[in-house]
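Chemist: This is the structure, below, for whatever I ask next.
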Amino acid sequence: MKDIMGMMKKAQEMQARMGEMQAELEALEVVGTAGGDAVQITLTGKGEMRGVKIDPSLLKADEAEIVEDLIIAAHADAKQKSETLAQEKMKEVTAGLPIPPGMKMPF
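Quick look at the structure:
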């Protein structure tokens, strides 16, 4: 019975840390770039877009397609950074818990 109580306590602690981690991720910002920093996208740690910066030299009518592609690339870069950051935070929260490999958290 002691093991079950210990598991319950660890689960409650993890739940509290998960809430804290979610708040941290919402407050954190990552910047993805493309085109040698000509396009920058800022996302929260949860992947919400917060900002876009475009170097004025790219704002030529005949280069709109290039700018669009760079925005997509910068967003992908920021999204990958955001996901990596979230995974690192999740490892901190779940450290020491017997979670099977490949199990994604939160459920």
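The numbering used here applies: residue 336 is where the sequence shown begins, and numbers increase by one.
All residues carry an ideal CB built from backbone N, CA and C; glycine is no exception.
Between the stretch 384-403 and the stretch 364-374, are three or more C-beta pairs nearer than 8 Å?
Modeler: yes
Chemist: For arginine 385, collect the residues of the same chain with a Cβ closer than 8 Å to its Cβ; drop the 5 residues on either side in sequence, then sort them by chain order.
Modeler: Glu364, Thr377, Leu378 and Thr379
Chemist: Can you have a look at leucine 341 and say buried or exposed, based on whether 16 or more other CB atoms are within 10 angstroms of its CB?
Modeler: Leucine is not the amino acid found at residue 341; the sequence shown has glycine there. Classification for glycine 341: exposed.
Chemist: So, helix, strand or coil for lysine 345, using DSSP?
Modeler: helix
Chemist: How many angstroms separate the CA atom of isoleucine 406 from the CA atom of threonine 419?
Modeler: Between isoleucine 406 and threonine 419, the alpha-carbon positions lie close to 20 Å from each other.
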